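Have a look at the structure below, then the notes.
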Amino acid sequence: MSVLVFIETEEGKIKKSSREAISYGAALGEVTALALGEVDSGELATAGANGASKVLHANDARLNNGLIQPYAEAIAQALTATGANILVTAKSSLADAVVGRVAVKTGAALASNVADLPDTSNGFVVKRSIYTGKAFANVSLDADTKIIAIKKNAVDLKEDGGSAAVETFAANLDDSLFGTTITATEKAEGDVLLPEADIVVSGGRGLKGPENWGIIEDLAKTLGAATGCSKPVSDMDWRPHHEHVGQTGIKIAPTLYIAVGISGAIQHLAGVNSSKYIVVINKDEEAPFFKAADYGIVGDAFEVLPKLTEAIKQALA
Amino acid sequence: MNILVCITHVPDTTSRIAFTDNNTQFDKNGVQFIIGPYDDYALARAVELREANGGKVTVINVGEAETEPTIRKALAIGADEAVRVNAFPSDSFFVANQIAEHAKGGDYDLILMGRESIDFNGGMVHGMVGELLGLPSFSPVMSLEINGDKASLSREIEGGKEKLEVSLPFVAGCQEPIAEWKIPNMRGIMSARTKPLNVVEPTDNTTKTAVSAYELPPAKGAVKMVDKDNVEELVSLLKNEAKVL
Ligand SMILES: Cc1cc2nc3c(=O)[nH]c(=O)nc-3n(C[C@H](O)[C@H](O)[C@H](O)COP(=O)(O)OP(=O)(O)OC[C@H]3O[C@@H](n4cnc5c(N)ncnc54)[C@H](O)[C@@H]3O)c2cc1C
Ligand SMILES: Nc1ncnc2c1ncn2[C@@H]1O[C@H](COP(=O)(O)O)[C@@H](O)[C@H]1O
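Residue numbers (our numbering), protein chains in the order written: chain A, 3 to 319; chain B, -19 to 225.
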């Protein structure tokens, strides 16, 4: 099988989730990766380590900001040019907005939130996460071209490959696709991106106010973790909206999720139930979150957190 | 301002999820159905825009007769009329096709949806509808202002957001804080009973995917509690048992 993997970069580096998508594709067949916009070709060559044999690069400045229509068109053209019958991408706010369009352009069958490699013993069946992580559906993809948008941890990251050849890809993109103007971009720089993070430390209303976030940030920094929060916390503007985790926020699947002063409402759990390990710190032993946790501490966050940060620093030293 | 809002009929966010018939059917027993939370944001913003600019808000749902109470709720919140495409929403492409077919005849300035449905969480229908209609599509949209035939909107990107200037018409998948959820008042509930709810049959039955079976995730083991005065024990569990440090 010939597989095309759409990869994204962040601050000039291939995103870890995109490297996972390449590893996923490599388990299915020969992988050509596709990168859009100006990126260093040395960085793109490292896609080989994850299993890409070739990287197509549309080195076009107009593609530096992920514009949905031109991206969809470029990806569809790359599918035709490579003759690939499978497109794999990591789920992201950009990929989500783009792949539905690619599916219509190419007549493909599309599944998102895919949690595992396909079962090809009888047709082509993927396991999708549904009901916000509360269940899975086995879905058959019934068209010649198949598009799979994977969740984090759908496959183990492959890191033993070589270097990939980088080739220029000239996508033919009409000016009419660029009718959208980006007038401003606000981005937290240098931080660990929440959807990509292996460890996430989140705070809830139990922290009492934005001025108390230092203890969350200290623990996060010590662990190399991203920070998250519950919905009321972002509703009250204690934290930016893009940190809000849960049913109506971001769904994450880190290896370790540490929830501090969060009660564990079902809508919050819906965003974190794919985490591998969950630690809950709450002063109320009846907090529902403990039922969903692997490890718990009943205690006051303002006492426990600084001690925990210190103990982790010593353990990592 | 002529706005189409696409709504889903989904289990309440607190529902226990279970399956019957050998894991091939969703178990509706005891489940309360609601307008999808993201669709509810789209609807609230559509009603605000209609109040500010005049015009009409039409809601559309692809679903069987059981979804009508949910559609009536959208009318009670402030939509002017509704369309139900009488079919089980079996896959995103099928749903997108029905919405696009309706929209072709509707002369809409805006098509608003949720960023994703909370049952199948595809997040795919807005892009498909945009492509089927040859219109731009944006998601997840966090704010939307209309100035004549132009709109400014903000879209969440990873770790931040971007502001965009676009021309009408277009498709947007919405999320908070685009508007506050609206609760229907008594007058809305009364008037919803007489607002038009047109039932139409699907135009094209093409699907690209099919569910063969559902499954539930494995049950979580019991929580291990650690004393608050012994955080070192937690660190050692994370290091030696979970092996995450
Ligand atoms: C349709 C819908 C969608 C929703 N989507 C989301 C979503 O995506 N994400 C989300 O988070 N919520 C969501 N919610 C809201 C959700 O129901 C809860 O209201 C919310 O998660 C509660 O946030 P919290 O745990 O921070 O606050 P609270 O419920 O107020 O809990 C605070 C917790 O902090 C503890 N605490 C207090 N002081 C301390 C201290 N000093 N030390 C330690 N612990 C302390 C308390 O014991 C309590 O358990 C949604 C609700 C609805 C209806
Ligand atoms: N059966 C349906 N009827 C009407 N609109 C729908 C339907 N399914 C999905 N949508 C719309 O498309 C959005 C995205 O859905 P999805 O791609 O399924 O996650 C939803 O938030 C709705 O606005």
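Ideal Cβ positions, reconstructed from N, Cα and C, are used throughout, including at glycine. Note that this is a predicted model, so its numbers are computed, not measured.
Under the three-state reduction of DSSP output, B:K36 falls in the strand class. Listed by position along chain A, the residues whose Cβ is nearer than 7 Å to that of B:E156 are T250.
When the Cα atoms are used, A:G206 and A:F138 turn out to be separated by approximately 28 Å. A:E188 has B:K141 as its beta-bridge partners, per DSSP.
Contact between B:I51 and B:L(-16) fails: their C-beta atoms lie close to 14 Å from each other, not under 8 Å.
A:G298 carries a strand assignment under DSSP once its states are collapsed to helix, strand and coil. Note on geometry: alpha-carbon atoms of A:R64 and A:E75 lie some 13 Å from one another. Excluding the 5 residues flanking it on each side, A:G68 has same chain C-beta neighbours closer than 7 Å at L96, in chain order.
Proximity of B:L144 to chain A, defined by a Cβ-Cβ separation below 7 Å, is satisfied. A:T134 belongs to the set of residues whose beta carbon lies under 7 Å from a beta carbon in chain B. Just measuring C-alpha positions, the residue of A:A190, A:E287, A:S236 and A:H270 sitting nearest B:K208 is A:E287. Listed by position along chain B, the residues whose Cβ is nearer than 8 Å to that of A:H243 are M122, E136, K141, E156 and P157. Against chain B, the beta carbon of A:S95 has neighbours under 7 Å at P120, E136, I137 and E138, listed in chain order. Annotation: the continuous alpha helix (DSSP H) that includes B:F74 extends over S72 to K84. With a cutoff of 6 Å, A:R207 counts as near ligand 1, since its C-beta is closer than that to a heavy atom of the ligand.
A:F126 is classed as buried because its beta carbon has at least 16 other beta carbons within 10 Å across all chains shown. Interface criterion not met: the Cβ of A:F8 is under 7 Å from no Cβ in chain B. Where A:E169 is concerned, the enclosing beta strand (DSSP E) starts and stops at A167 to T170.
Straight-line measurement puts the Cα of B:V146 at about 5 Å from the Cα of A:T182. Within the chosen limit of 6 Å, ligand 2 does not reach the beta carbon of B:Y88 with any heavy atom. Assigned with DSSP and collapsed to three states, A:Y279 falls in strand. Interface with chain A (7 Å Cβ-Cβ cutoff): B:Y194 is included. Taking 9 Å as the Cβ-Cβ cut-off, the stretch 88 to 104 of chain B approaches chain A at R95, E96, I98, D99, F100, N101, G102, G103 and M104, given in chain order. In the pairwise beta carbon analysis, the stretch 81 to 97 of chain A is classified as touching the stretch 14 to 27 of chain A: at least three pairs are separated by under 8 Å. In this structure A:I149 is in contact with A:V104, their Cβ atoms being roughly 6 Å apart against a cut-off of 8 Å. In the assembly as shown, A:S178 is an exposed residue. Its beta-carbon has fewer than 16 other beta-carbons within 10 Å. Residue state for B:P149 is assigned as coil, using DSSP reduced to three classes.
The beta-carbon of A:A313 is placed less than 7 Å from the nearest beta-carbon of chain B. A residue is called buried when at least 16 other Cβ atoms come within 10 angstroms of its Cβ; A:M3 does not meet this threshold and is exposed. The C-alpha of A:T82 is placed about 36 Å away from the C-alpha of B:D129. Contact between A:F171 and A:L36 holds, with the beta-carbon distance rounding to 7 Å and staying under 8 Å. Counting the other CB atoms within 10 Å of its CB gives B:R95 a total of 16 or more, which places it among the buried residues. Within its own chain, the residues whose Cβ lies closer than 7 Å to the Cβ of A:G301, once the five positions on either side in sequence are excluded, are I283 and K285, listed in chain order.
If you look at A:E305, you'll find it in the alpha helix (DSSP H) that goes A303 to L318. Using a cutoff of 6 Å, the CB of A:N284 counts as near ligand 1, since one of the ligand's heavy atoms is closer than that. Counting only the Cα atoms, B:N210 lies some 43 Å from B:Y18.
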